[in-house]
Amino acid sequence: MHGFEGMGFGMGWWWIIGLIFILAIIWLLIRSTNQNNSQSSIESKSALDILNERYARGEIDQEEYELKKRDLGS
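Residue numbering for the sequence shown follows my numbering, starting at 9 and increasing by one per position.
See the structure below:
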């Protein structure tokens, strides 16, 4: 009878390890999906959109903004 008690305890650990493994796979799938969504939103921005954002954040001044905007043909 003593051997069966140890086996039952071991089965409990395998169940927990299996659950952790399944949760890790789900987490990885969700994380990769979110990265794909964020990359596609970045790729969909036009050069003019990026230029406007840079000007709005103060990264470039008005003169540089106007020059780059002309270069883009807008």
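Note that beta-carbon positions come from the ideal geometry of N, C-alpha and C, so glycine has one too.
Cβ-Cβ separation, residue j to residue i (assumed contact under 8 Å), whole Å
| i | j | result |
| --- | --- | --- |
| Leu36 | Leu59 | With a Cβ gap of about 36 Å, Leu36 and Leu59 do not count as contacting. |
As assigned by DSSP and simplified to three states, the class of residue i
| i | result |
| --- | --- |
| Ile68 | coil |
| Gly26 | helix |
| Lys77 | helix |
| Ser40 | helix |
| Trp21 | helix |
Candidates the options: closest to residue i by CA position
| i | options | result |
| --- | --- | --- |
| Arg78 | Gly66, Glu61, Glu67, Ala55 | Ala55 |
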